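Undergrad: Mind having a look at this structure? Questions to follow.
There are 2 protein chains.
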Amino acid sequence: MSVVRIRTRDEILRVAAELFTRYGFKGTSLHDIAAEVGCSKATLLYHFAHKDAILLALIEPARQSLIDLVARLAGVDDKGVRDAAIEGFVDLVLRYRREVALIYDVTPQFLQEPAFDRVRELTDALVAGFAGRSADLADQTAAKVLLAGIAAVVIDDKRDEGELRPALVVVARRALIPGKD
Amino acid sequence: MSVVRIRTRDEILRVAAELFTRYGFKGTSLHDIAAEVGCSKATLLYHFAHKDAILLALIEPARQSLIDLVARLAGVDDKGVRDAAIEGFVDLVLRYRREVALIYDVTPQFLQEPAFDRVRELTDALVAGFAGRSADLADQTAAKVLLAGIAAVVIDDKRDEGELRPALVVVARRALIPGKD
DNA sequence: GTCTATACTTCGATAGAC
DNA sequence: GTCTATCGAAGTATAGAC
Chain A
1 MSVVRIRTRD EILRVAAELF TRYGFKGTSL HDIAAEVGCS KATLLYHFAH KDAILLALIE
61 PARQSLIDLV ARLAGVDDKG VRDAAIEGFV DLVLRYRREV ALIYDVTPQF LQEPAFDRVR
121 ELTDALVAGF AGRSADLADQ TAAKVLLAGI AAVVIDDKRD EGELRPALVV VARRALIPGK
181 D
Chain B
1 MSVVRIRTRD EILRVAAELF TRYGFKGTSL HDIAAEVGCS KATLLYHFAH KDAILLALIE
61 PARQSLIDLV ARLAGVDDKG VRDAAIEGFV DLVLRYRREV ALIYDVTPQF LQEPAFDRVR
121 ELTDALVAGF AGRSADLADQ TAAKVLLAGI AAVVIDDKRD EGELRPALVV VARRALIPGK
181 D
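Chains A and B supply the protein sequences, listed in that same order. Heads up, the first sequence is in the UniProt record's numbering, so the first residue is 1 and it goes up one at a time. Heads up, the second sequence is in the UniProt record's numbering, so the first residue is 1 and it goes up one at a time.
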């Protein structure tokens, strides 16, 4: 029945998230996941076409949130877009820390996956937001540095969201607000 | 003879660097390297104990430069350490762009390698330098963001060193110089 | 519709001949 | 120092049980 299907599928995702986070994507075999779930490798591949599809399913919610954020920023005027982008992105990566870590674990290997097709244009839009839609190359470079740096810190730093959030917003504002040095 | 040994070894490194850069570490098999070099897989593994050892040999010069930079920063006083760290790090990653990209390609998988044992303490020393040896958590967070962000941009951005260097130094200074927002 | 058994392919690595 | 042959493990694929 579909209840069982969903249960098994969810259990696979739960176990895979745990093992991918602990041992990395490449460090976790289908055999490992199947053993922990209590099923066979073939059962995994009944629910997911291949190993990659398990990871893509895990990061899908984060990807949707990124799409939503970029859509929201499109409606913000040039004056407010920088702050909206900074706060929106910091909130997003703090909310999806595990997913961000998984994405970093498998890039650049996964960048050619169809599911990643639009990710490049999404991050480009975010960079434009961080740069306040400036055409200046130095502003865009600063935006790229902050975007990648914030994501990396959220993965690596174990402090909780309450401590991390203000520090990340402050450094982004300080680096991206022009005419201060 | 040793001349031949060195020639083959160097050729393996040359080909491996090219293939790793183009297809990624995981996307390049020993078979691929051997075919391009014109030898067998067993010959590769005569010169290098395992596949990982080829990559470690490729990034060794960059690792040595990082050790040198950290040693140099230890002799700089608190007042000048931030600028020295920023300029030293930007120069280093621009000099070893290919190696930095290779490292990012294989982390976090390689972080447990013995050769990476001291890398964590080296980057910690660099973070302290970026933060001007401040004990403030917000300063240290800003330092981590800039360090990771600069490395990521150097990998991703195809502009040459002359264009990139000033933009990177400026954003780091702006973000890390306190009392400006 | 859900799952098992099993076979196929590729990969990193080893053994032993020359 | 280099080769051929082969191993074990991993990801993948499919036929068929229930």
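Ideal placement from N, C-alpha and C gives every residue a C-beta, glycine not left out. The model shown is predicted, which means the values in this text are computed figures rather than measured ones.
Could you spell out where the alpha helix (DSSP H) holding residue 130 of chain B opens and where it closes?
TA: Locating residue 130 of chain B in the second sequence gives position 130, counting from the first residue. Here the alpha helix (DSSP H) through residue 130 of chain B covers 119-130.
Undergrad: Does the Cβ of residue 49 of chain B have 16 or more other Cβ atoms within 10 Å, making it buried, or fewer, making it exposed?
TA: Within the second sequence, the letter at position 49 stands for residue 49 of chain B. Classification of residue 49 of chain B: exposed, given that the 10 Å Cβ count is below 16.
Undergrad: By the three-class DSSP mapping on this structure, what secondary structure does residue 15 of chain A have?
TA: Counting from 1 along the first sequence, the entry for residue 15 of chain A is found at position 15. Helix at residue 15 of chain A.
Undergrad: Run through DSSP, which three-state label would residue 99 of chain B get?
TA: Counting from one through the second sequence, the residue named residue 99 of chain B turns up at place 99. Three-state DSSP puts residue 99 of chain B in a helix.
Undergrad: For the UniProt domain "HTH tetR-type" (6-66) of chain B, list every residue whose C-beta sits within 8 Å of some C-beta in chain A, in sequence order.
TA: Within the UniProt domain "HTH tetR-type" (6-66) of chain B, the qualifying residues are 24, 26, 27.
Undergrad: Hey, is residue 149 of chain A's beta-carbon within less than 7 Å of any beta-carbon in chain B?
TA: Here residue 149 of chain A refers to the residue found at position 149 of the first sequence. Chain B contact via Cβ: present.
Undergrad: Going by the CB atoms, is the gap between residue 70 of chain B and residue 125 of chain B shorter than 7 Å?
TA: Translated into the one-based positions of the second sequence, residue 125 of chain B becomes position 125. Translated into the one-based positions of the second sequence, residue 70 of chain B becomes position 70. Yes, the Cβ-Cβ distance between residue 125 of chain B and residue 70 of chain B is below 7 Å.
Undergrad: Report all residues from its chain with a CB closer than 7 Å to the CB of residue 59 of chain B; omit the five preceding and five following residues, and keep chain order.
TA: By one-based count along the second sequence, residue 59 of chain B stands at place 59. So the list reads 99, 102, 103, once near-sequence residues are dropped.
Undergrad: Give a yes or no on whether the minimum CB-CB distance between residue 102 of chain A and chain B is below 7 Å.
TA: Taking the first sequence and counting its residues from 1, the one referred to as residue 102 of chain A is at position 102. It does not; no Cβ of chain B falls within 7 Å.
Undergrad: With the cut-off set at 7 Å, would you say residue 84 of chain B and residue 73 of chain B are in Cβ contact?
TA: Along the second sequence, one-based indexing puts residue 84 of chain B at 84. Along the second sequence, one-based indexing puts residue 73 of chain B at 73. A contact, by the Cβ cut-off of 7 Å.
Undergrad: Residue 84 of chain A CB to nearest chain B CB: under 7 Å?
TA: Translated into the one-based positions of the first sequence, residue 84 of chain A becomes position 84. False, the Cβ-Cβ gap to chain B never drops below 7 Å.
Undergrad: Mark residue 111 of chain A as exposed unless 16 or more other C-beta atoms lie within 10 angstroms of its C-beta, in which case mark it buried.
TA: Along the first sequence, one-based indexing puts residue 111 of chain A at 111. The residue is exposed, with fewer than 16 neighbouring Cβ atoms inside 10 Å.
Undergrad: Per DSSP, what kind of secondary structure is residue 134 of chain A in: helix, strand or coil?
TA: Translated into the one-based positions of the first sequence, residue 134 of chain A becomes position 134. Looking at residue 134 of chain A - three-state DSSP - the assignment turns out to be coil, as it is neither helix nor strand.
Undergrad: My parser needs the alpha helix (DSSP H) runs of 4 or more residues fully inside the segment 21-91 of chain A; what are they?
TA: DSSP runs (the alpha helix (DSSP H)) wholly in the segment 21-91 of chain A: 30-37, 41-47, 51-74.
Undergrad: Using a Cβ-Cβ cutoff of 7 Å, what residues of the segment 124-147 of chain A are near chain B? List them in chain order.
TA: Listed by position, the residues of the segment 124-147 of chain A near chain B (Cβ gap below 7 Å) are 137, 138, 141, 142, 144, 145, 146.
Undergrad: Taking 7 Å as the CB-CB limit, is residue 98 of chain B close to chain A?
TA: Locating residue 98 of chain B in the second sequence gives position 98, where the first residue counts as 1. Chain A, which has no Cβ nearer than 7 Å to the Cβ of residue 98 of chain B, makes this no.
Undergrad: What whole-angstrom Cβ distance do residue 148 of chain B and residue 152 of chain A have, given they're in contact under 8 Å?
TA: Residue mapping note: residue 148 of chain B aligns to position 148 of the second sequence, counting from 1. Residue mapping note: residue 152 of chain A aligns to position 152 of the first sequence, counting from 1. So it is a contact: roughly 3 Å between Cβ atoms.
Undergrad: Residue 177 of chain A: which of A:36, A:114, A:86, A:121 sits nearest, CA to CA?
TA: Counting from 1 along the first sequence, the entry for residue 177 of chain A is found at position 177. Of the candidates A:36, A:114, A:86, A:121, the one whose C-alpha sits nearest the C-alpha of residue 177 of chain A is A:86.
Undergrad: How many whole angstroms separate the CB atoms of residue 122 of chain B and residue 67 of chain B, which I take to be in contact at a CB cut-off of 8 Å?
TA: In the second sequence, residue 122 of chain B corresponds to position 122, counting from 1. In the second sequence, residue 67 of chain B corresponds to position 67, counting from 1. Indeed, because the Cβ distance is near 7 Å, the residues count as touching under 8 Å.
Undergrad: Less than 8 Å between C-beta atoms, sequence neighbours within five positions excluded: which residues of the same chain meet that for residue 116 of chain A?
TA: For the purposes of this step, residue 116 of chain A is taken as the residue at position 116 of the first sequence. Taken in chain order, the residues that qualify are 110.
Undergrad: In chain B, which residues lie less than 8 Å from residue 168 of chain A when you measure between Cβ atoms?
TA: Counting from one through the first sequence, the residue named residue 168 of chain A turns up at place 168. Near residue 168 of chain A (Cβ distances below 8 Å), the residues of chain B are 141, 145.
Undergrad: For chain B, find out if any of its Cβ atoms is closer than 7 Å to the Cβ of residue 175 of chain A; answer yes or no.
TA: Numbered from its first residue, the first sequence carries residue 175 of chain A at position 175. Interface residue, yes.
Undergrad: Hey, out of A:108, A:52, A:43, A:34, whose CA is closest to residue 22 of chain B's CA?
TA: In the second sequence, residue 22 of chain B corresponds to position 22, counting from 1. The shortest C-alpha separation from residue 22 of chain B is found at A:108.
Undergrad: Taking the alpha helix (DSSP H) that residue 174 of chain B belongs to, which residues open and close that run?
TA: The residue given as residue 174 of chain B occupies position 174 in the second sequence. Run containing residue 174 of chain B: 161-176, per the alpha helix (DSSP H) assignment.
Undergrad: Taking the C-alpha atoms as reference points, what is the distance between residue 2 of chain A and residue 55 of chain A?
TA: Stepping through the first sequence from its first residue, residue 2 of chain A is reached at position 2. Stepping through the first sequence from its first residue, residue 55 of chain A is reached at position 55. Because the pLDDT at residue 2 of chain A is just 47, under 50, the model does not fix this residue reliably, and the value given afterwards should be weighed accordingly. So the alpha carbons of these two residues sit roughly 22 Å apart.
Undergrad: Which residue wins for smallest C-alpha separation from residue 145 of chain B, given the options A:76, A:165, A:135, A:114?
TA: Indexing the second sequence from 1 puts residue 145 of chain B at position 145. The residue with the shortest Cα to Cα distance from residue 145 of chain B is A:165.
Undergrad: For residue 114 of chain B, which residues in chain A fall below 9 Å Cβ to Cβ?
TA: Within the second sequence, numbered from 1, the residue matching residue 114 of chain B stands at position 114. Chain A residues near residue 114 of chain B: none, gap ~17 Å exceeds 9 Å.
Undergrad: Grab me the residues of residue 161 of chain A's own chain with a C-beta within less than 6 Å of its C-beta, minus the 5 sequence neighbours each way, in chain order.
TA: Position 161 of the first sequence, counting from 1, holds the residue named residue 161 of chain A. Correct list, in chain order: 94.
Undergrad: Among the residues of its own chain, which have a CB less than 6 Å from the CB of residue 37 of chain B, if the five just before and after it don't count?
TA: Here residue 37 of chain B refers to the residue found at position 37 of the second sequence. 11, 12, 15, listed in sequence order.
Undergrad: Given a threshold of 16 other Cβ atoms within 10 Å of its Cβ, counted over all protein chains shown, does residue 6 of chain B qualify as buried or as exposed?
TA: Along the second sequence, one-based indexing puts residue 6 of chain B at 6. By the neighbour-count rule (16 or more Cβ atoms within 10 Å), residue 6 of chain B is not buried but exposed.
Undergrad: Beta carbon of residue 63 of chain B, beta carbon of residue 175 of chain A: below 7 Å?
TA: Here residue 63 of chain B is taken as the residue at index 63 of the second sequence, counted from 1. Here residue 175 of chain A is taken as the residue at index 175 of the first sequence, counted from 1. Result no, Cβ atoms of residue 63 of chain B and residue 175 of chain A do not sit closer than 7 Å.
Undergrad: In three-state DSSP terms, what is residue 141 of chain B?
TA: The residue given as residue 141 of chain B occupies position 141 in the second sequence. The answer is helix: DSSP assigns residue 141 of chain B an H, G or I state.
Undergrad: By how many angstroms is the C-alpha of residue 75 of chain B removed from the C-alpha of residue 170 of chain B?
TA: Numbered from 1 along the second sequence, position 170 holds the residue referred to as residue 170 of chain B. Numbered from 1 along the second sequence, position 75 holds the residue referred to as residue 75 of chain B. When rounded, the distance between both Cα atoms is 24 Å.
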